[in-house]
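Residue numbers (the numbering used here), protein chains in the order written: chain C, 1 to 246; chain P, 1001 to 1246.
Number of protein chains: 2
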Amino acid sequence: MASELKKGNMKTIRKPQHSLVYESLRKHISEKIYREGDLLPSENELCATHGVTRPTIRKALDKLVNDGFIVKRKGKGSIVKGTPMGVGILSLGGTTAALGMENLTTLIIVKPEVRPWNKAFSFELTDREKEFGCIYLERLRLINNDPVFYDITMIPNINLPRLSALSFENKSLFDLLRKHYQLEVTGGEQRIQAILATEKIQDNFKVSKDQPIIQLDRKMDTNRPDFSFYSQVFCNADKYALIGTF
Amino acid sequence: MASELKKGNMKTIRKPQHSLVYESLRKHISEKIYREGDLLPSENELCATHGVTRPTIRKALDKLVNDGFIVKRKGKGSIVKGTPMGVGILSLGGTTAALGMENLTTLIIVKPEVRPWNKAFSFELTDREKEFGCIYLERLRLINNDPVFYDITMIPNINLPRLSALSFENKSLFDLLRKHYQLEVTGGEQRIQAILATEKIQDNFKVSKDQPIIQLDRKMDTNRPDFSFYSQVFCNADKYALIGTF
DNA sequence: TATTTTAACTTGTAAACACAAGTTAAAATT
DNA sequence: AATTTTAACTTGTGTTTACAAGTTAAAATA
């Protein structure tokens, strides 16, 4: 029977309390309501303001520690570290988060479009992924008008309504997926190589052919089981170092 | 008074239960007692065998999930992913863990020795770190007799008895610090660059001067507050790709 | 026999409680 | 005044209890 489909399939997923507290505190830190060096309210105070018990608060704080937003000291409290800068290129986050939005501009070289695929760079695909095809895009990212990153992104075209219509200009792909589809990157794999600039790279980066370039193939796993997406980043780390935390 | 010193300063630190359970399970996975794909005993079974309650077991399992040893599925159980291969160069772990011990040999180029220091590669030092000096060593690492990594390691010479006497041959620095000093790497920073082989690199790697090389500067933070150590790795990722998880 | 239901597992969330242990500043003591 | 003690915070660890929700295989039903 399809009765549950007829009813509208509107089962709203109730988010757990610790997750709501986490997002609240994370937002407060990102928006500089709590600043670097500040002490967060004590666990007991947070219990009161959020109307939950300590284990729930502690679970939220654990995640913040894990994500690098705070550090905790016994007897002292939770100290704000700030929005994890540089938790970007090489770890969880995107280039936007890594470098700040200030001087970063993005040029869309290939607009998001649905394509067939059989491989994602050096990563193999499952039959299910191949069947659905992918959303493909290419971007060139400039810092102070210097081209620094060239990235190709491929996302399985599974249950992501209107994704190809969304604007990718000057936006973190990670944030976009988090906000629109509740997709969180939980980890992944990456391969790094150093190569000499190919012709395409030479054109885009305006460099000579003996310029060493970092090539980064990445597979990003998410909180949606068996859903990963892929990107290949070329980086001219000549003027700007490629920084990350882990 | 120094009475507590006279008594021998023998306050043995009791490790928390969840930490013991974590180490036990971790060991069982590393030693292939639990293999990839296996289901770990259920949380309730683990409670019984370890004589603790569920929250304690769950805390240990949380850490295993976080470190990539297992994944959990609601209604199913804890599935062993295996010893996180490649959780090495670019994430938590060392080159030994990343590549397996099989074909990796290590040549000590500069034996561990105490040195003064004012900087750790691209990282600034605190006055306290400068004061104590560092333990310095250089290693060349070969895979199937091909030189692949050249790494310089600098560790603050603070409360690490007999470290410079320990054997670093074919051993993971991370494991060594974990076992001898209970030092766990909790995170860190890294900078990646692509460079052309310097003369020193050309000699060690037996490559020409137009060979692109990955340079990796890393700062490793540990569970000991305000204690970090540093390494600089040069990698000839020509034949072997540099893989990591995050 | 094929399908559906149920029951017995599994992990996930959450509360309420107790005590250990590190930190800090006020209070008591020397 | 300088030092020590204490008390009131903080986070860390651990138990107990309860129910929600996903998975699976056996049992009941068609």
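For every residue, glycine included, the Cβ atom is placed at its ideal position computed from N, Cα and C.
Interface partners of residue i on chain P, CB under 8 Å
i               : result
N66 of chain C  : N1066
Q232 of chain C : In chain order: nothing, as chain P lies at least about 13 Å away.
Exposure of residue i, with buried meaning 16 or more beta-carbon neighbours within 10 Å
i                : result
Q1182 of chain P : exposed
R128 of chain C  : exposed
S1231 of chain P : buried
S228 of chain C  : buried
I33 of chain C   : exposed
N157 of chain C  : buried
G1075 of chain P : exposed
R191 of chain C  : buried
N145 of chain C  : exposed
I89 of chain C   : Only weak support is given to the placement of I89 of chain C: the predicted model assigns it a pLDDT of 48, under 50, and the value that follows is read from those uncertain coordinates. The residue is buried, with at least 16 neighbouring Cβ atoms inside 10 Å.
S1172 of chain P : buried
E45 of chain C   : exposed
E1199 of chain P : exposed
G131 of chain C  : For the record, residue 131 of chain C in the displayed sequence is Glu; it is not Gly. Per the 10 Å Cβ criterion, exposed.
D248 of chain C  : This structure leaves residue 248 of chain C out entirely; chain C is present only between 1 and 246.
D226 of chain C  : exposed
Any chain C beta carbon closer than 8 Å to residue i
i                : result
D1135 of chain P : Residue identity differs from the one stated: residue 1135 of chain P is Ile in this sequence, not Asp. So, not an interface residue.
A1237 of chain P : yes
Proximal residues of chain C, C-beta to C-beta of residue i below 7 Å
i                : result
P1212 of chain P : A194, I195, L196 and P212
Contacting residues, own chain, Cβ-Cβ under 6 Å from residue i (five flanking each side not counted)
i                : result
N1223 of chain P : E1184 and T1186
Q17 of chain C   : V52 and T56
V1207 of chain P : A1197
N254 of chain C  : One cannot answer for residue 254 of chain C here, as it falls past the ends of chain C, which runs 1 to 246.
F1205 of chain P : P1147 and N1236
Same chain, Cβ closer than 8 Å to residue i, five either side skipped, listed in chain order
i                : result
L1166 of chain P : P1112, L1176 and H1180
L125 of chain C  : W117, N118 and K119
S30 of chain C   : T83
T1049 of chain P : P1041
R1054 of chain P : E1043, N1044 and C1047
K1072 of chain P : L1061, V1065, S1078 and I1079
G188 of chain C  : R218, K219, M220, D221 and S228
F168 of chain C  : T106, I108, P112, L137, R139 and L176
Own chain partners of residue i with C-beta closer than 7 Å, once the 5 adjacent residues on each side are dropped
i                : result
R1115 of chain P : G1133, C1134 and Y1136
L1064 of chain P : Y1022, L1025, R1026 and I1070
V1251 of chain P : Past the edges of chain P, shown from 1001 to 1246, lies residue 1251 of chain P, and the structure says nothing about it.
F1121 of chain P : D1217, Y1230 and Q1232
I1201 of chain P : Y1150, I1213 and F1234
R178 of chain C  : E184
D1210 of chain P : L1196
K59 of chain C   : H18
Q193 of chain C  : Q215
Any non-hydrogen atom of the ligand MN closer than 7 Å to residue i Cβ
i                : result
L1040 of chain P : This structure simply doesn't include the ligand MN, nor any ligand for that matter.
Is it true that the region 1068-1079 of chain P meets the region 1036-1055 of chain P, where meeting means three or more beta-carbon pairs spaced less than 8 Å apart?
-> The answer is yes - the region 1036-1055 of chain P touches the region 1068-1079 of chain P, with three or more Cβ pairs under 8 Å.
- Task: Specify whether the region 1131-1148 of chain P and the region 1104-1115 of chain P touch according to this definition: at least 3 beta carbon pairs, one from each stretch, less than 8 Å apart.
- Result: Put simply, the region 1131-1148 of chain P touches the region 1104-1115 of chain P. At least three CB pairs are less than 8 Å apart.
Q.
Across the region 1200-1218 of chain P and the region 154-164 of chain C, are there enough close Cβ pairs to call them in contact, namely three or more that are closer than 8 Å?
A. Contact between the region 1200-1218 of chain P and the region 154-164 of chain C is absent, with fewer than three C-beta pairs closer than 8 Å.
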